[in-house]
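What follows is a short report on a single structure.
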Amino acid sequence: MRAGTAPRLDRRIVILEASFAENEAGEEVATGWAEYAQERAQYTPVSDGERMRAASVEQKTDARFVVRWSIKLAAVSGENRIRFDGADWQITGVKELGRGLWIEITAWKV
């Protein structure tokens, strides 16, 4: 995204958080994923050139999602996932773009 241009928020994503339950031993265990937020986002696939420059040789699909900044979304981390276009994406990076304007989330398709 170039400086001074607003992202095109033309996609719908769901941000997920792990859900937990107590097992017979009284321990908290992850049981799946629950909806944390639904947002409009800009979706940008990461190019093969970027992947080569990052010295990544794995066959995986990487992408960046840009969403409007909010207090709730500022708390998103690598412990969350994104559900987009019928697939889950593991979040690998989150950074603020501009001062309280946008959040860029980098993820790979699970």
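Each residue of the sequence shown is one higher than the one before, starting from 809 at the first, in our numbering.
Yeah, the Cβ is synthetic: ideal placement off N, Cα and C, and Gly gets one too.
Please name the residue, chosen from A915, I913, L905, that lies closest to T813 on a Cα-to-Cα basis. L905
Report the residue from V918, E825, Q898, A871 whose alpha carbon sits nearest the alpha carbon of R819. Between R819 and the set V918, E825, Q898, A871, the nearest pair of CA atoms involves A871.
Closer than 7 angstroms by C-beta to R816: which residues in its own chain qualify, once you throw out the five before and the five after it? Chain order, please. Q850, listed in sequence order.
How many Å lie between I899 and N831 at the Cα? 27 angstroms
Distance, R876 Cα to T852 Cα: 15 angstroms
CB of I823 within 7 angstroms of CB of F873, strictly: no
Starting from K880, trace the beta strand (DSSP E) both ways and give me its first and last residue. K880 -> not in any beta strand (DSSP E); alpha helix (DSSP H) instead, spanning 879 to 882.
Taking all protein chains shown into account, decide if R889 is buried (16 or more other Cβ within 10 angstroms of its Cβ) or exposed. buried
What's the call for A915, buried or exposed, on a 16-neighbour Cβ count within 10 Å? buried
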